[in-house]
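Reading the sequence shown from the start, the letters are residues 844 to 978 in my numbering. Quick reminder that beta carbons are idealized off the backbone N, C-alpha and C, glycines included. Heads up: the structure comes next, in structure tokens.
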Amino acid sequence: MIMIKISKYLDSRNILFMSAEDRDEALHAMVENLHQNRFLHDKEAFYQAILEREKVVSTGIGMGVAIPHAKLKGYESFFIAIGILQKGVDWNSLDGSPVRIIIMIGGPDDKQTEYLQILSALTTAVKDENRRKKC
Numbered sequence: 844m845i846m847i848k849i850s851k852y853l854d855s856r857n858i859l860f861m862s863a864e865d866r867d868e869a870l871h872a873m874v875e876n877l878h879q880n881r882f883l884h885d886k887e888a889f890y891q892a893i894l895e896r897e898k899v900v901s902t903g904i905g906m907g908v909a910i911p912h913a914k915l916k917g918y919e920s921f922f923i924a925i926g927i928l929q930k931g932v933d934w935n936s937l938d939g940s941p942v943r944i945i946i947m948i949g950g951p952d953d954k955q956t957e958y959l960q961i962l963s964a965l966t967t968a969v970k971d972e973n974r975r976k977k978c
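See below:
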């Protein structure tokens with residue numbers, strides 16, 4: 844399996860330290876930031892795609908982490924944004940724990956292999972308890 848570097852997809856402008864009262868407020872703040880930094884072609888379409896994905900199944904994977912994601916036509920490459928919340932918010936996570944770390948992924952709908960490699964690398968990093976504690 845090919846290992847990828849997450850830093851390839853992460854711009855430092857897309858790392859947010861924030862206080863949000865709930866999941867939707869946190870997602871909205873992250874999408875707004877991506878839009879201001881010119882990563883989104885259509886802010887509303889991306890936000891709606893993120894919300895639709897949450898309706899299918901929560902992206903709260905446990906351990907205080909959520910990985911919301913959306914793949915849309917018109918994007919050439921993937922991008923990542925990270926939100927670190929002051930206090931955890933309910934995300935209907937698999938383990939029931941509140942989310943403090945949000946790793947948002949966006950990008951093209953036609954690069955499934957690369958997308959799965961990104962998810963795999965993120966999951967591996969998230970499972971490292973020492974990394975999570977640094978946040």
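Between residue i and residue j, is the Cβ-Cβ spacing less than 8 Å?
i           : j           : result
residue 934 : residue 909 : yes
residue 942 : residue 917 : no
residue 847 : residue 968 : no
residue 921 : residue 893 : no
Quick one: what does DSSP say residue i is sitting in, helix, strand or coil?
i           : result
residue 968 : helix
residue 849 : helix
residue 844 : Since pLDDT at residue 844 reaches only 48, below the 50 mark, its modelled position is unreliable, and no value is offered.
residue 858 : strand
residue 914 : strand
residue 909 : strand
Can you tell which of the options has the C-alpha that lies nearest to the C-alpha of residue i?
i            : options       : result
residue 859  : 879, 905, 848 : 879
residue 856  : 877, 866, 862 : 877
residue 1017 : 948, 901, 954 : This structure does not reach residue 1017, given that the chain is present from 844 up to 978, and the question cannot be answered.
Can you tell me where the beta strand (DSSP E) holding residue i begins and where it ends?
i           : result
residue 871 : Here residue 871 belongs to no beta strand (DSSP E); instead the alpha helix (DSSP H) covers 866-879.
residue 900 : Taken as a continuous stretch (DSSP letters only), residue 900 belongs to no beta strand (DSSP E), as it is neither H nor E.
residue 924 : 922-932
residue 946 : 942-951
With a cut-off of 8 Å on the beta carbons, I'd call residue i and residue j a contact; round off their distance for me.
i           : j           : result
residue 923 : residue 853 : 5 Å
residue 931 : residue 945 : Contact doesn't hold; Cβ gap of about 11 Å is too wide.
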